[in-house]
Amino acid sequence: MKIFDKKRSGARVIDLRSDTVTKPSKEMRAAMAAADVGGRSLQVKAAELTGKDAALFVPSGTMGNLAAVMAHCPGRGDEILVGDLAHIILWEQGGVAQLAGIHTRQVRTNLDGTLDLLDVESKVRSTGDAHLPTSRLICLEQTHNATGGRVLSLEYLQKLLVSLLHRSPSMLIQSLSAFQRVLVPPVGSVIAGEKDFITRIFVSDDIWPSDPNDVVHASVYKGLDLQCWRHRKVLGGGMRQAGVLAAGGIYALDNIAPKTTKCDHTNAEILAKGIHNMKDLGLDVDLKSVETNMMYFNVNHRTVSANELVKRMVDISGQRSH
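The opening residue of the sequence shown carries number 1 in the UniProt record's numbering; numbering runs sequentially from there.
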């Protein structure tokens, strides 16, 4: 028996569990059905939007990260410095080591998503010692998923850059919600100078336009385009008829992102405060961590477990996430 019947109640249910359960709108489906078969239009648009020389369509953010790291670390014995709570470390099966043979050196992640600067400096290894890997790349995550969608400030990025000026690594910034973090407080004051800063400093920037508001599973990778094109090919990302997916991304950039960016952040904050104020619900939210359109809560009620809550949400939505 269902605990909630959305048809009988007349309520509109919005499923926020995962971008794997989000469906394209009718308009997006129409754009995809009428699409050209190639992905060049999305690549050109993404490059222009971010101020890069080139962009490359890949089927997933995980592939985008792996291709990016491979482009920055072409030699055997290269290593990356990456946060211990980074998506690359937690949720990508160790692909940089498994498939690319690249060593990972983990750095302590602070509660706000930043990497500890002293820890970074102490772990960068210079070339010359045959006993050691060569530190080629520092990977950052913006916004930071595991810490609740926290934003790395421009001030922090500049401090990190200054601390590395006498060292060799380049920097890759992984953007989990790139189009959701612009123009909205508290991010707006940061982003005002970030686009130019990132264009000048970060050679590559991985964008995932597969957030719940646009549902198309695609990533766009900018910089080092020839190497990335080759890496995409060997990783199986040279899709045929990619324009069908790319059209969904273009529709989202043109029609959804401009309208929803502000309200998504605002709605996430309203939802977080509402859950926080409902003490008897058995859910905890760290309001300080809700800076963008991402919100995490913990289940702490003795009468319901996290698994039971998920089952109830399935009853309401009628669909499981993956």
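Note that beta-carbon positions come from the ideal geometry of N, C-alpha and C, so glycine has one too.
Here the structure is a predicted model, which means the values were calculated and not measured.
Measure the alpha-carbon distance for His-162 versus Cys-139 and round it to whole angstroms.
-> The residue you call residue 162 lines up with position 162 of the sequence shown. The residue you call residue 139 lines up with position 139 of the sequence shown. His is not the amino acid found at residue 162; the sequence shown has Val there. Spanning the two alpha carbons is a distance of roughly 16 Å.
Specify the secondary structure class of His-265 as computed by DSSP and reduced to three states.
-> As a first step, residue 265 must be located in the sequence shown, where it is residue number 265. Looking at His-265 - three-state DSSP - the assignment turns out to be helix.
Other residues of its chain near Val-44: CB distance less than 8 Å, five sequence neighbours each side excluded = Walking along the sequence shown from the start, residue 44 turns up at place 44. Excluding residues within five positions, the ones whose Cβ falls inside 8 Å are Ala-55.
Assign Thr-266 to one of two classes, buried (16 or more other C-beta atoms within 10 Å of its C-beta) or exposed (fewer than that).
-> Mapped onto the sequence shown, residue 266 falls at position 266. Under this definition Thr-266 is an exposed residue.
Near Leu-85, which residues of its chain fall below 7 Å by C-beta distance, leaving aside the five closest residues on each side in sequence?
-> In the sequence shown, residue 85 corresponds to position 85, counting from 1. Once the five neighbours on either side are set aside, the close Cβ partners of Leu-85 are Thr-109, Ala-146, Thr-147.
Cβ-Cβ separation, Ile-270 to Val-285 (assumed contact under 8 Å), whole Å | Position 285 of the sequence shown, counted from the first residue, corresponds to residue 285. Position 270 of the sequence shown, counted from the first residue, corresponds to residue 270. Not really, about 12 Å apart at Cβ, beyond 8 Å.
What residue ranges within the stretch 46 to 130 form continuous beta strand (DSSP E) runs of no fewer than 3 residues, ordered along the chain?
-> 55 to 58, 78 to 83, 103 to 107
For Met-28, the nearest candidate out of Gly-282, Met-278, Ala-268, Ala-257 (CA to CA) = In the sequence shown, counting from the first residue as 1, residue 28 sits at position 28. Checking every option, the nearest Cα to that of Met-28 belongs to Ala-257.
Assuming Met-32 contacts Val-304 under a Cβ cut-off of 8 Å, what Cβ separation, rounded to an integer in Å, is found between them?
-> Reading the sequence shown from its first residue, position 32 is the one you call residue 32. Reading the sequence shown from its first residue, position 304 is the one you call residue 304. About 39 Å; that fails the 8 Å criterion.
Would you mind reading off the limits of the alpha helix (DSSP H) that contains Glu-291?
-> Counting from one through the sequence shown, the residue named residue 291 turns up at place 291. Taken as a continuous stretch (DSSP letters only), Glu-291 belongs to no alpha helix (DSSP H), as it is neither H nor E.
Where does Ile-138 sit, in a helix, a strand or coil, going by DSSP?
-> As a working mapping, residue 138 is identified with position 138 in the sequence shown. Three-state result, Ile-138: strand.
Using DSSP with H/G/I as helix, E/B as strand and the rest coil, what is Val-304?
-> On the sequence shown, residue 304 is found 304 positions in, with the first residue counted as 1. It is coil, neither helix nor strand.
Where the alpha helix (DSSP H) through Asp-225 begins and ends = Taking the sequence shown and counting its residues from 1, the one referred to as residue 225 is at position 225. Element bounds for Asp-225: 225 to 234.
Going by Cα to Cα distance, which pick from Asp-53, Asn-300, His-103 is closest to Arg-76?
-> Walking along the sequence shown from the start, residue 76 turns up at place 76. Of Asp-53, Asn-300, His-103, the residue nearest in Cα terms is His-103.
On the DSSP bridge assignment, give the partners of His-144 in chain order.
-> Here the question's residue 144 lines up with position 144 in the sequence shown. DSSP output for His-144 lists Arg-150 as bridge partner(s).
If we call anything under 8 Å between Cβ atoms a contact, is Ala-247 one with Phe-57?
-> Counting from 1 along the sequence shown, the entry for residue 247 is found at position 247. Counting from 1 along the sequence shown, the entry for residue 57 is found at position 57. Not closer than 8 Å, so no.
Answer with buried or exposed for Thr-20, where buried requires no fewer than 16 other C-beta atoms within 10 angstroms of its C-beta.
-> Your numbering for residue 20 matches position 20 in the sequence shown. Exposed, because fewer than 16 other Cβ atoms sit within 10 Å of the Cβ of Thr-20.
Nearest CA to the CA of Ser-135: which residue from Asn-293, Ser-122, Gly-236, Leu-81?
-> On the sequence shown, position 135 is the one that residue 135 refers to. It is Leu-81.
Give me the Cα-Cα distance between Val-69 and Glu-121, rounded to the nearest whole angstrom.
-> Start at 1 with the first residue of the sequence shown, and residue 69 comes out as number 69. Start at 1 with the first residue of the sequence shown, and residue 121 comes out as number 121. In a straight line, the C-alpha of Val-69 is about 20 Å away from that of Glu-121.
Hey, quick one: how far does the beta strand (DSSP E) through Val-285 stretch, first residue to last?
-> Taking the first residue of the sequence shown as 1, we reach residue 285 at position 285. Per DSSP, Val-285 belongs to the beta strand (DSSP E) from 283 to 285.
Decide if Cys-73 is buried, meaning its Cβ has at least 16 other Cβ atoms within 10 Å, or exposed.
-> Residue 73 sits at position 73 when you count from the first residue of the sequence shown. It counts as buried.
Cα-Cα separation, Arg-40 to Gly-249 | Within the sequence shown, numbered from 1, the residue matching residue 40 stands at position 40. Within the sequence shown, numbered from 1, the residue matching residue 249 stands at position 249. Each residue's Cα considered, the two are about 12 Å apart.
Closer than 6 Å by C-beta to Asp-112: which residues in its own chain qualify, once you throw out the five before and the five after it? Chain order, please.
-> Taking the first residue of the sequence shown as position 1, residue 112 is located at position 112. The answer, listed in chain order, is Arg-150.
Beta-carbon proximity check, Asp-78 vs Pro-133, cutoff 8 Å = Reading the sequence shown from its first residue, position 78 is the one you call residue 78. Reading the sequence shown from its first residue, position 133 is the one you call residue 133. In contact: Asp-78 and Pro-133 (Cβ atoms closer than 8 Å).
7 Å CB neighbourhood of Lys-273 in its chain, flanking five on each side removed | Translated into positions along the sequence shown, residue 273 becomes position 273. The residues are Leu-287.
Quick one, which of Gly-38, His-131, Leu-115, Asn-255 has its alpha-carbon nearest Glu-141's?
-> As a first step, residue 141 is located in the sequence shown; it is residue number 141 there, counting from the start. Answer by Cα proximity: Leu-115.
Inter-residue spacing [alpha-carbon to alpha-carbon] between Gly-297 and Asp-280 = One-based indexing of the sequence shown puts residue 297 at position 297. One-based indexing of the sequence shown puts residue 280 at position 280. The question names Gly, but residue 297 is Phe in the sequence shown. Spanning the two alpha carbons is a distance of roughly 14 Å.
Cβ of Ala-67 within 8 Å of Cβ of Leu-235?
-> Reading the sequence shown from its first residue, position 67 is the one you call residue 67. Reading the sequence shown from its first residue, position 235 is the one you call residue 235. It is a contact, given that the beta carbons lie within the stated cut-off.
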